[in-house]
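Visitor:
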Amino acid sequence: MELRKTLIGMMGAAALVAGLVAGPAIAQTPEEIQQRGTINIGLLVDFPPFGILDEAGNPDGYDADVARLLAEDMGVELNLVPVTGPNRIPYLVSNQIDVLVASLGITPERAEQVDFSAPYAGIEIFVFGDANLEVTGPEDLSGHSIAVARASTQDTSITEIAPADANIQRFDDDASAVQALLSGQAPLMGASNVVIAQINEMAPGRFDTKFSLRQQSQAIAVRPGSTELLDYINDFLARVKEDGSLNALHEEWVGGPLPEFVLAGE
């Protein structure tokens, strides 16, 4: 039921911003945003605890609180815009939002499309699935269906290692991939440690972690060439790491301290 509510909320949010006009990517400065008085920040709402919808249907979670801190630091009003995994970068580069705080993992491919800040969060990605399946490495994926969120780092990582006869089932978001796992449509999925913890709460004992795919640093993203804005965001992140406020948010939402590789700024 919760997964269904999340999906319905996402579809409504997408319709809300569907009429925005796209154009060539335009670099931005902090001064331009401050003069306007509002910052439009895109975030996922289907990736708890980083991005969720609260009981009133409003965006919330760790990413939302990081976005609130950034807007407060800039002295502007915050407009949170729900995005999906596949459309979050297109929304940014088509000027429909100013900044992404959307659990976006740093990859070389994405770095060709956006400019990344220093990390503000991090997760580890695993192959996860039916506890009765013996899967210890890529070769054991042969002949199996694996659910992933389309265009995610799970998708990229599994695509790189899966045997030719593996069936990679791509869904629009993590919620749909989780549903495929729970329903038996796919016995395996690519999932972060955060999603795995939630699945284990819903279905204790049914699934287990098979093997690690990668550690993933998550960063704030801006449009290419927005050097002054990126410098501002990096300074902001350095300050909220130093004063402990970012770690406090991570403890509150994720249930543990910021990973060392995030604090080190990998």
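Note that my numbering has the sequence shown beginning at 451, numbered continuously upward.
Don't be surprised by glycine CBs; every beta carbon is placed ideally from N, CA and C.
Scan the region 482 to 543 and note each continuous beta strand (DSSP E) run of 3 residues or more that stays entirely inside, going in chain order.
Guide: Correct list: 488 to 494, 527 to 533.
Visitor: Provide the residue span of the beta strand (DSSP E) that contains Ile727, from first to last.
Guide: The structure shown does not extend to residue 727, since the chain is modelled only from 451 to 716, so the question has no answer here.
Visitor: What are the boundary residues of the alpha helix (DSSP H) that Glu692 is part of?
Guide: Here the alpha helix (DSSP H) through Glu692 covers 677 to 692.
Visitor: Compute the Euclidean distance between the alpha carbons of Ile491 and Leu520, then round it to the nearest angstrom.
Guide: If I take the Cα positions, the gap works out to 10 Å.
Visitor: Once you ignore the five residues that flank Gly555 on each side, which residues in its own chain have a CB closer than 6 Å to its CB?
Guide: Result list for Gly555: Thr603, Gln666, Gln668, in chain order.
Visitor: Quick one: which unbroken alpha helix (DSSP H) runs of 4-plus residues sit fully inside the region 556 to 590? Chain order, please.
Guide: For the region 556 to 590, whole alpha helix (DSSP H) runs of length 4 or above, ordered along the chain, are 558 to 561.
Visitor: Report the rounded CA-to-CA distance for Pro569 versus Ala612, giving the unit in angstroms.
Guide: Spanning the two alpha carbons is a distance of roughly 28 Å.
Visitor: Give the secondary structure of Ser396 by DSSP, where H, G and I count as helix, E and B as strand, and everything else as coil.
Guide: Here the chain covers residues 451 to 716 and nothing more, so residue 396 does not appear.
Visitor: Could you check where the alpha helix (DSSP H) with Asn545 kicks off and where it finishes?
Guide: Careful: Asn545 lies outside any alpha helix (DSSP H) and carries neither H nor E.
Visitor: Are the CB atoms of Tyr541 and Val533 nearer to each other than 9 Å?
Guide: Their beta carbons are under 9 Å apart, which means Tyr541 touches Val533 by this criterion.
Visitor: Ile649 bridges to which residues according to DSSP?
Guide: According to DSSP, which records beta bridges pairwise, Ile649 is partnered with nothing at all.
Visitor: Find out if the Cβ-Cβ distance for the pair Asp658, Gly587 is shorter than 9 Å.
Guide: No; because the gap between Cβ atoms is not below 9 Å, this pair is not in contact.
Visitor: Are at least three pairs of beta-carbons, each pair with one atom in the region 681 to 701 and one in the region 581 to 597, less than 8 Å apart?
Guide: At 8 Å Cβ cutoff, the stretches do not touch.
Visitor: When you compare the region 618 to 631 with the region 594 to 601, are there three or more beta-carbon pairs, one atom per stretch, that lie closer than 8 Å?
Guide: These segments touch.
Visitor: Can you tell me whether Pro654 is buried or exposed, with buried defined as 16 or more other CB within 10 angstroms of its CB?
Guide: That one is exposed.
Visitor: Which residue or residues does DSSP assign as beta-bridge partners of Asp658?
Guide: In the DSSP output, where bridge partners are listed per residue, Asp658 has Gly579.
Visitor: Examine the Cβ distances between the region 622 to 629 and the region 640 to 650 and report whether three or more of them are shorter than 8 Å.
Guide: Judged by Cβ distances under 8 Å, the region 622 to 629 makes contact with the region 640 to 650, as three or more pairs qualify.
Visitor: If Val516 and Leu699 are in contact, beta carbons under 8 Å, what's the gap, nearest whole angstrom?
Guide: That pair is a contact at about 7 Å.
Visitor: Taking the continuous alpha helix (DSSP H) assigned at Ala698, which residues delimit it?
Guide: Note, Ala698: alpha helix (DSSP H), 695 to 704.
Visitor: Taking 9 Å as the threshold (C-beta atoms), are Val672 and Ser567 in contact?
Guide: Yes, the Cβ-Cβ distance between Ser567 and Val672 is below 9 Å.
Visitor: Tell me which same chain residues have a C-beta within less than 6 Å of the C-beta of Gly501, skipping the five on either side of it?
Guide: Once the five neighbours on either side are set aside, the close Cβ partners of Gly501 are Leu493, Leu494, Val495, Gly511, Asp513.
Visitor: Which of helix, strand or coil does DSSP assign to Gln665?
Guide: DSSP places Gln665 in strand when its eight states are reduced to three.
Visitor: Keeping to the same chain, check which residues put their C-beta closer than 6 Å to that of Arg664; ignore five residues upstream and five downstream.
Guide: Here the set comprises Ile575, Ser607.
Visitor: Taking Cβ to Cβ, would you say Phe686 is nearer than 9 Å to Asp504?
Guide: Not closer than 9 Å, so no.
Visitor: Ordered along the chain, which non-local residues of its own chain (more than five positions away) have a Cβ less than 8 Å from that of Gly715?
Guide: Result list for Gly715: Ala568, Pro569, in chain order.
Visitor: Rounded to the nearest angstrom, what separates Thr488 and Glu710 at their Cα positions?
Guide: Their Cα atoms are separated by approximately 33 Å.
Visitor: So Ser525 and Val712 are in contact, right, with Cβ under 8 Å, and what is the actual spacing, rounded?
Guide: Reading off the sequence shown, one finds Gly at residue 525, where the question assumed Ser. Contact flag wrong, Cβ pair sits at about 26 Å.
Visitor: Measure the C-alpha to C-alpha separation of Val531 and Gly705 and round it to an integer number of angstroms.
Guide: Approximately 25 Å between the Cα atoms of the pair.
Visitor: Under 8 Å by Cβ, that's how I've got Leu528 and Val577 pegged, so tell me the actual separation to the nearest angstrom.
Guide: With a Cβ gap of about 37 Å, Leu528 and Val577 do not count as contacting.
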